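Line order of the protein sequences matches chains A and B.
So the first sequence is numbered by the numbering used here: it starts at 1 and just counts up by one.
So the second sequence is numbered by the numbering used here: it starts at 1001 and just counts up by one.
C-beta: ideal position from N, C-alpha, C; glycine also.
Source: prediction; values computed, not measured.
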Amino acid sequence: MNTASIDPSELIACPNCDLLHAARQISEGERLRCARCGTKLASSRPNAIDRLLASAVTNAILIAGALFFPFIQLDGGGTRQSATLIDAVSAFGGGLTTPLVLVVAAFIIVIPFMRASALIYTLWPLRFGRAPYQGAARAFRFANILKPWSMAEIFIIGVVVALVKIAGIAQVSLGPAFWMLTAIVLVLLLENHNFCRWTIWQTLGKHTQA
Amino acid sequence: MDNLANPRKTYAGLTARKAGLIACTTCGLVEHPREICQRCGAALHSRDPQSFQKTLAWLIAGMIFFIPANLYPMLITNTFGTEQKSTIIGGVIELIEYKSYFVALVVGVASIVVPLAKFAVIGLLLASIRGRWQSNPYQRLHLYEITEFIGRWSMIDVFVVAILAALIQLNFVASVNPGVAAISFALSVIFTMLSAQSLDQRLIWDSMNETSNHE
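Below is the structure:
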């Protein structure tokens, strides 16, 4: 085949096996899969950008809320204490407690918040059909790099395990911040469902290459 | 060029590399060879030339940190003046003794089974790439995807320790402190995640193309 005559912009390559496919307009609700390895190449969801933007904004608000509402309540040794995540992070612990708690705070608060902000920055002008803000490509790349490091869902399971372990020492009950984190996990699931990296890059590319 | 006329059809067996093109792994754009992707600005490689070394290096780092993670205490508990240290496995055994079998299973799988399986899978994938294996590329890709998806879940035990330490600081009956293993284990998980991310999964398919298609 004479490859020089192919216009690369009409192609989608599978990110997992490098096989080339002809890019075409996909209808709503349809998914384009790699013919060789089955990887999802692109999908089209109605109002995908609206939905993604909505999830990002919801997430940012929930994270902020989760910081300031009580996360957990402890009853033990005749005292009752409720703690927010900020209390937990700033509780002055000895030894390795502080570095460990800071790392955990990065995974469940800082990184998810930065990711939500980067997504909002990327998607906001697109949603209104305007040209993307300066550095939008970098922001969206950054958001995608952060994705595996945003670990709210794992933290939720961690809280449940911690409650089982602590049961002998103190009575513990969950506060609103815990349920906010649970909501973040649900929003992230919805976001995954609507997320098509290819479509967003196409939209971003229309403006940067034109 | 019939293939272009029929958009549903793929170019049978033609990869971007064979077509002399490069697909950006970050944004998916297919481009003529250049240094940096013109759409997203990421470095453009047909195959990441350092993928193998980076994956191997992070894997070794992850395995090394897994050793102290299992030898040193994860959690140091002080209840009414008596100190108790528990390792990762000790913590799982303790949960079994409390008859919390399901939670013990979750923690055991996340902290012991998943990391070991991850080392094995990444090692296997590296061997298959170096050895140019022809068989089961689909299954190998699938193993890779599972590994990448599940690896983060090993963090559960680190979170548990951090939660206990932060919470019980607030209470004076008992005190809980993380041990050296908590940090080692967190680093081991992070390094193994970086290892999986460094692997260019397109390498799995490369030995296939060169023999299965005679052009």
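Original post:
How big is the Cα-Cα spacing for A:ALA106 and A:ALA152?
Top reply: Counting from 1 along the first sequence, the entry for residue 106 of chain A is found at position 106. Counting from 1 along the first sequence, the entry for residue 152 of chain A is found at position 152. Answer to the nearest angstrom: the Cα atoms are 10 angstroms apart.
**OP:** Answer yes or no: does any C-beta atom of chain A fall closer than 9 angstroms to that of B:MET1193?
**Re:** Counting from 1 along the second sequence, the entry for residue 1193 of chain B is found at position 193. B:MET1193 counts as touching chain A.
Subject >> C-beta neighbour in chain B for A:TRP198, strict 9 angstroms >> reply: One-based indexing of the first sequence puts residue 198 of chain A at position 198. A:TRP198 counts as touching chain B.
Original post:
What span of residues does the alpha helix (DSSP H) with B:PRO1178 cover, start to end?
Top reply: Taking the first residue of the second sequence as position 1, residue 1178 of chain B is located at position 178. No alpha helix (DSSP H) holds B:PRO1178; the beta strand (DSSP E) holding it covers 1174 to 1178.
**OP:** Give a yes or no on whether the minimum CB-CB distance between B:SER1100 and chain A is below 9 angstroms.
**Re:** On the second sequence, residue 1100 of chain B is found 100 positions in, with the first residue counted as 1. Answer yes: the Cβ-Cβ gap between B:SER1100 and chain A drops below 9 angstroms somewhere.
**OP:** Compare the C-beta of A:ALA210 against all C-beta atoms of chain B and say whether one is closer than 9 angstroms.
**Re:** Counting from one through the first sequence, the residue named residue 210 of chain A turns up at place 210. Per-residue confidence for A:ALA210 stands at a pLDDT of 41, beneath the threshold of 50, marking its modelled position as unreliable; the derived number appears in the next sentence. Not an interface residue.
**OP:** Could you spell out where the beta strand (DSSP E) holding A:HIS21 opens and where it closes?
**Re:** If you number the first sequence from 1, residue 21 of chain A lands on position 21. Start and end: 19 to 22.
**OP:** Locate the alpha helix (DSSP H) running through A:LEU146, then write down its first and last residues.
**Re:** Locating residue 146 of chain A in the first sequence gives position 146, counting from the first residue. Unbroken alpha helix (DSSP H) run through A:LEU146: 136 to 146.
**OP:** Compute the distance between the beta-carbons of A:PHE222 and A:ALA48, then report whether it is under 9 angstroms.
**Re:** Any question about residue 222 of chain A goes unanswered here, given that chain A covers just 1 to 210.
Original post:
Is the shortest distance between the beta-carbon of A:PRO176 and the beta-carbons of chain B less than 9 angstroms?
Top reply: Within the first sequence, numbered from 1, the residue matching residue 176 of chain A stands at position 176. No - not a single Cβ of chain B is within 9 angstroms of the one on A:PRO176.
Subject >> 8 angstroms Cβ cut-off: residues of chain B touching A:ILE166 >> reply: Reading the first sequence from its first residue, position 166 is the one you call residue 166 of chain A. Residues of chain B passing the Cβ test: LEU1164, LEU1167, ILE1168.
Original post:
Closest Cβ-Cβ distance between A:VAL101 and chain B: below 9 angstroms?
Top reply: Your numbering for residue 101 of chain A matches position 101 in the first sequence. True, the Cβ-Cβ gap to chain B drops below 9 angstroms.
Original post:
Hey, quick one: how far does the beta strand (DSSP E) through B:LYS1112 stretch, first residue to last?
Top reply: The sequence position of residue 1112 of chain B within the second sequence is 112, counting from 1. According to the sequence displayed, residue 1112 of chain B carries Ile and not Lys. Unbroken run through B:ILE1112: none, as it is neither H nor E.
**OP:** Check whether the Cβ atoms of B:ASP1206 and B:ARG1140 lie closer than 9 angstroms to each other.
**Re:** Position 206 of the second sequence holds residue 1206 of chain B. Position 140 of the second sequence holds residue 1140 of chain B. Not in contact: B:ASP1206 and B:ARG1140 (Cβ atoms no closer than 9 angstroms).
Original post:
Rounded to whole angstroms, how far is the Cβ of A:PRO70 from the Cβ of A:ALA83, which I believe are closer than 8 angstroms?
Top reply: Taking the first residue of the first sequence as 1, we reach residue 70 of chain A at position 70. Taking the first residue of the first sequence as 1, we reach residue 83 of chain A at position 83. Contact holds; Cβ gap of about 7 angstroms.
Subject >> Three-state secondary structure assigned by DSSP to A:VAL159 >> reply: The residue labelled residue 159 of chain A in the question sits at position 159 within the first sequence. It is helical.
Original post:
Under 9 angstroms between C-beta atoms, does B:GLN1201 make it to chain A?
Top reply: Your numbering for residue 1201 of chain B matches position 201 in the second sequence. Chain A, which has a Cβ nearer than 9 angstroms to the Cβ of B:GLN1201, makes this yes.
**OP:** May I have the straight-line CA-CA distance separating A:TYR121 from A:LEU163, to the nearest angstrom?
**Re:** On the first sequence, residue 121 of chain A is found 121 positions in, with the first residue counted as 1. On the first sequence, residue 163 of chain A is found 163 positions in, with the first residue counted as 1. Straight-line Cα distance between these residues: approximately 37 angstroms.
Subject >> Candidates A:LYS206, A:ASN192, A:ILE156, of which the one nearest A:ILE53 by Cα >> reply: Here residue 53 of chain A refers to the residue found at position 53 of the first sequence. According to the sequence displayed, residue 53 of chain A carries Leu and not Ile. Ranking the options by Cα distance to A:LEU53, first place goes to A:ASN192.
Original post:
From what residue to what residue does the alpha helix (DSSP H) around B:LEU1044 run?
Top reply: The residue given as residue 1044 of chain B occupies position 44 in the second sequence. Note, B:LEU1044: premise wrong, no alpha helix (DSSP H); not H, not E.
**OP:** Could you tell me whether the region 1178 to 1185 of chain B touches the region 1061 to 1079 of chain B, using the rule of 3 or more Cβ pairs below 8 angstroms?
**Re:** yes
Original post:
Taking Cβ positions only, does A:MET180 come closer than 9 angstroms to chain B?
Top reply: Locating residue 180 of chain A in the first sequence gives position 180, counting from the first residue. For A:MET180, the answer is no, since every Cβ of chain B falls outside 9 angstroms of its Cβ.
Original post:
From B:SER1195 to A:ASP75, what does the alpha carbon distance come to, in whole angstroms?
Top reply: Counted from its first residue, the second sequence places residue 1195 of chain B at position 195. Counted from its first residue, the first sequence places residue 75 of chain A at position 75. Roughly 43 angstroms between the two C-alpha positions.
**OP:** Give the range of the beta strand (DSSP E) segment to which B:GLU1083 is assigned.
**Re:** On the second sequence, position 83 is the one that residue 1083 of chain B refers to. Unbroken beta strand (DSSP E) run through B:GLU1083: 1082 to 1086.
Subject >> Bridge-paired residues (DSSP) for A:ALA42 >> reply: As a first step, residue 42 of chain A is located in the first sequence; it is residue number 42 there, counting from the start. BP columns for A:ALA42 point to A:LEU32.
Original post:
Per DSSP, which one or two residues make a beta bridge with A:ALA13?
Top reply: Your numbering for residue 13 of chain A matches position 13 in the first sequence. In DSSP, A:ALA13 forms a bridge with A:LEU20.
**OP:** Indicate the three-state DSSP secondary structure (helix, strand or coil) for B:ALA1196 in the structure shown.
**Re:** Taking the first residue of the second sequence as 1, we reach residue 1196 of chain B at position 196. Helix.
Original post:
Interface residues of chain B around A:PRO8 at Cβ under 7 angstroms?
Top reply: In the first sequence, the residue the question calls residue 8 of chain A occupies position 8. Within 7 angstroms Cβ-Cβ: LEU1021, VAL1030, GLU1031, HIS1032.
**OP:** Assess, as a yes-or-no matter, whether the region 106 to 120 of chain A is touched by the region 139 to 155 of chain A under the definition of 3 or more beta carbon pairs within less than 8 angstroms.
**Re:** yes
**OP:** Determine which residues of the region 54 to 67 of chain A have a Cβ less than 7 angstroms from any Cβ of chain B, and write them out in chain order.
**Re:** none
Original post:
Can A:SER55 and A:LEU204 be called in contact, C-beta distance under 9 angstroms?
Top reply: The count along the first sequence starts at 1 and reaches residue 55 of chain A at position 55. The count along the first sequence starts at 1 and reaches residue 204 of chain A at position 204. No, Cβ-Cβ distance for A:SER55 and A:LEU204 is not below 9 angstroms.
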